[in-house]
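Here is the structure we will look at.
Residue numbers (this note's numbering): 706 to 1013.
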């Protein structure tokens, strides 16, 4: 694994090029190395602002105003954080901010609640505040990231890692992740997601035999889940299954179900090089799973498939 390529992040002599908008790109192109995203933001003409206004706020606007109000919302929130981020990160007492510069955009009152003292809303790389529009019963978690995290930590936490992972995980498995709406990778970096509750609810994640993303055990705790869904994306990575293409994942499920007819049909259509690679990837992972689970019936099925 590459732990340092900072020298490659920003090349002042390289011409800047156009790049497609990050939101859709990151939903489909997850990379464990955060410096890949840094190189894109620093070396191309791409906006560092990701996502869109939450649906409750968009519903307060007429369609033609959404783009302008979104830009103004980002700018006003950015200004507020530039002026207040230091205090929010080191709050001594609980504090509630009135934010008319945000609420007035929607004809609503907006308040931001920040915890002080021993803050259960703070983590290793950021602090969470609750942004509320009480008039429409809309509540969001605003995670404001700390700067200066260690390089090692940046490969599993922090804005560059978590924002991209939240987008990709929500796209791949929406039932397992709390919705993330928007983020900024500029100045005081933040991520805005749905507020899912203040206290642990003890609800376990759903049963999912074929996870695309997993969270390491030391982070996959009740404090980081609500209603069984992730509210934090630190130390969350793709599984071997998730790393495969859609076609390979489909074949893998056919193998795990020992569906001989479906597997044979997939083998027949796997004629080009990419399809054959997908077929091989699925076979290898299914074989590894059978060995790990000591599933001799599945192992024999796979051997039989390989011999055909």
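Heads up, the beta-carbon is just placed ideally off N, CA and C, and yes, glycines get one too.
- Going by beta carbons, residue 849 and residue 790 fall inside the 9 angstroms limit.
- Nearest to residue 970 by C-alpha distance, out of 783, 938 and 1013, is 1013.
- Its chain contains 874, 875, 934 and 935 as the residues whose beta carbon lies nearer than 6 angstroms to that of residue 882, once the 5 sequence neighbours on both sides are disregarded; these appear in chain order.
- Burial check for residue 775: the Cβ neighbour count within 10 Å reaches 16 or more, so the residue is buried.
- Annotation for residue 843: the continuous beta strand (DSSP E) segment containing it runs 843-850.
- Inclusion of residue 835 and residue 900 in the CB contact set at 9 angstroms is warranted, their separation being smaller than that value.
- Taking residue 731 as the centre and dropping the five residues before and after it, the same chain places the C-beta of 742, 755, 868, 869, 872 and 873 closer than 8 angstroms to its C-beta, in chain order.
- Close CB contacts of residue 952 within its chain, under the 6 angstroms cut and outside five residues either way in sequence, are with 983 (chain order).
- Linking residue 897 to residue 886 through their CA atoms gives a straight-line distance of about 6 angstroms.
- Look at residue 958 here: in three-state DSSP terms it is helix.
- The three-state secondary structure of residue 803, taken from DSSP, is strand.
- Secondary structure at residue 831: strand, using DSSP grouped into helix, strand and coil.
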